[in-house]
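Visitor: The opening residue of the sequence shown carries number 1 in this note's numbering; numbering runs sequentially from there.
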Amino acid sequence: MIVVTGGAGFIGSVLAAELNLHGHKDLLIVDSLDHDEKEHNAAGLQYEELISGEEFRRKLQAGDFDSAEIEAIFHLGAITSTTEQDWKLFEDVNIAFSQEVIRWCTDKDVRCVYISSAATYGLGEKGYSDDHELFEQLEPLNLYGKSKLMVDIWARDGGYLDKVVGLRYFNVFGPNEYHKEEMRSVVAKKYDQLREKGYIELFKSNNPRFKDGEQQRDFIYVTDAVAATLHFLENREAAGVFNIGTGKARNWNSMARAMFAAEGKRLDIKYIDMPANLAKQYQDFTQADISKLRAAGFGADMLSLEDAVEDYIVNYLREHQHYTGR
Numbered sequence: 001m002i003v004v005t006g007g008a009g010f011i012g013s014v015l016a017a018e019l020n021l022h023g024h025k026d027l028l029i030v031d032s033l034d035h036d037e038k039e040h041n042a043a044g045l046q047y048e049e050l051i052s053g054e055e056f057r058r059k060l061q062a063g064d065f066d067s068a069e070i071e072a073i074f075h076l077g078a079i080t081s082t083t084e085q086d087w088k089l090f091e092d093v094n095i096a097f098s099q100e101v102i103r104w105c106t107d108k109d110v111r112c113v114y115i116s117s118a119a120t121y122g123l124g125e126k127g128y129s130d131d132h133e134l135f136e137q138l139e140p141l142n143l144y145g146k147s148k149l150m151v152d153i154w155a156r157d158g159g160y161l162d163k164v165v166g167l168r169y170f171n172v173f174g175p176n177e178y179h180k181e182e183m184r185s186v187v188a189k190k191y192d193q194l195r196e197k198g199y200i201e202l203f204k205s206n207n208p209r210f211k212d213g214e215q216q217r218d219f220i221y222v223t224d225a226v227a228a229t230l231h232f233l234e235n236r237e238a239a240g241v242f243n244i245g246t247g248k249a250r251n252w253n254s255m256a257r258a259m260f261a262a263e264g265k266r267l268d269i270k271y272i273d274m275p276a277n278l279a280k281q282y283q284d285f286t287q288a289d290i291s292k293l294r295a296a297g298f299g300a301d302m303l304s305l306e307d308a309v310e311d312y313i314v315n316y317l318r319e320h321q322h323y324t325g326r
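1. Alpha carbon to alpha carbon, how far is Cys-105 from Glu-181? Give it in angstroms, no decimals.
2. Enumerate, from N- to C-terminal direction, the unbroken alpha helix (DSSP H) stretches of 4 or more residues contained entirely within the region 21 to 61.
3. Less than 9 angstroms between the C-beta atoms of Gly-213 and Asn-251, yes or no?
4. Can the beta-carbon of Ala-8 be found less than 9 angstroms from the beta-carbon of Leu-50?
5. Would you tell me roughly how many angstroms separate the C-alpha atoms of Ser-13 and Ala-225, rounded to the nearest one?
6. Compute the beta-carbon to beta-carbon distance between Gly-124 and Gln-281, rounded to the nearest angstrom, for a pair I have assumed lies under 8 angstroms.
7. Closest by CA to Tyr-114, which one among Arg-168, Ala-188, Gln-137?
8. Please specify which runs of the alpha helix (DSSP H), each continuous and at least 4 residues long, are wholly inside the region 61 to 85, giving them in chain order.
9. Is the CB-CB distance between Asn-171 and Asp-130 below 9 angstroms?
10. How about Val-164 and Ile-244: are their beta carbons less than 9 angstroms apart?
11. Could you tell me the distance, in whole angstroms, from the CA atom of Gly-2 to the CA atom of Asn-142?
12. Whose C-alpha, out of Glu-48, Phe-10, Ser-67, is nearest the C-alpha of Leu-27?
13. Look up Val-187 in the DSSP assignment and say whether it is helix, strand or coil.
14. Ser-147 and Ile-95 - do their beta-carbons sit closer together than 9 angstroms?
15. Count the other CB atoms, across all protein chains shown, that sit within 10 Å of the CB of Thr-80; report buried if there are 16 or more and exposed otherwise.
16. Report, in whole angstroms, the separation of the C-beta atoms of Val-314 and Ala-258, which I expect to be a contact under 8 angstroms.
17. For the region 182 to 253, list the alpha helix (DSSP H) runs that are entirely contained and at least 4 residues long, ordered along the chain.
18. Assuming Val-241 and Leu-161 are in contact, meaning their beta carbons sit under 8 angstroms apart, how far apart are those beta carbons, in whole angstroms?
19. Pop quiz: Thr-5 and Leu-76 are said to be a contact at Cβ under 8 angstroms. What is the actual Cβ separation, rounded to whole angstroms?
20. Ignore the nearest five residues each way along the sequence and tell me which others in Gly-53's own chain have a CB closer than 6 angstroms to its CB.
21. From the DSSP output, which residues share a beta bridge with Phe-285?
22. Do you know how far the Cα of Glu-306 is from the Cα of Lys-197?
23. Hey, out of Arg-111, Leu-45, Ala-43, whose CA is closest to Ile-70's CA?
24. Below 6 angstroms CB to CB, which residues in the same chain sit around Tyr-221 once its five sequence neighbours on both sides are set aside?
25. On a Cα-Cα basis, can you pick out the residue from Tyr-312, Asp-152, Ala-261 that is closest to Thr-120?
Structure, rendered in structure tokens:
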């Protein structure tokens, strides 16, 4: 059995679908179907059981799981809102829950892959290296990033990173993120605007180093992020924290051009002022250092931004489809 926490969510449901394609039907999905779109995400999956995070934690702590029957745990379940201000919620769900899973897997010698985040890098002033010795230098901009960094530091200091894997996803986008609403990727949100109004609004730049719309992100398609994640199921000797991105920063204007091209429409970008509260913590540039990922044996090519955007729009957003595997 393979456990996927957050398995009805965005990346988790795509991961579960890919596990199905690899012949893994005996999945334990840990999630709550508290949104119609999450029900749709789970509808196409093959799994043995779906239970809530609360029930899973109770069973884990009570010793109800036979470790001999569990091949691996992919721990994607988390509070992912970058605007949430309830620190106790982050302490419980993002920190304590992660620690419980990591401890259990280490004690039972079960493969564990947990999800960290590129939000740990803050403004990126210290770079985007996943070197364990640099963790204390990082300055996350929000409580979400802080909670993820605290787990990374705890796992390193406790020696857990000698066995488990933590993945820092960069700007992941793609199918099955409908339920995230305002926390959806910019591609998903701007597609609604493109369809309804015929243009896309992007933020003006507040940094003289970047022209309007030229601020850059490391965009990675969800299927590529999942492929990199599954690499660590197959390669059990790898351990530690790894960046998951393309290693290539692309700007917002390029993203918008790809969207208009996929829709066959004339380019129309309108630049708007950035809200003051966002300007204080806006990342003008992110780019994953994926040298450790490549050194760990993941050599697959990743989709270009243009190809990924086209696939997302044509096969999913246009008809509101969900990913169930290829």
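Where is the CB? At the ideal position from N, CA and C, for every residue including glycine.
Guide: Taking the definition as stated:
1. 33 angstroms
2. 36 to 43
3. If you check the CB distance, Gly-213 and Asn-251 come in under 9 angstroms.
4. yes
5. Each residue's alpha carbon lies about 12 angstroms from the other.
6. Not quite, the Cβ-Cβ distance comes to about 12 angstroms (not below 8 angstroms), so this is no contact.
7. Arg-168
8. none
9. For Asn-171 and Asp-130, no; Cβs fall outside 9 angstroms.
10. no
11. Checking the sequence shown, residue 2 turns out to be Ile, not Gly. Straight across, the Cα-Cα distance linking Ile-2 with Asn-142 is about 32 angstroms.
12. Glu-48
13. helix
14. yes
15. buried
16. That belief does not hold up - the Cβ atoms of Val-314 and Ala-258 are roughly 12 angstroms apart, past 8 angstroms.
17. 186 to 197, 222 to 234
18. Correct: roughly 7 angstroms between the Cβ atoms.
19. 6 angstroms
20. Val-30, Gly-77
21. Under DSSP, Phe-285 forms a beta bridge with Gln-216.
22. 22 angstroms
23. Arg-111
24. Contacts found: Gly-174, Leu-303, Ala-308.
25. Asp-152
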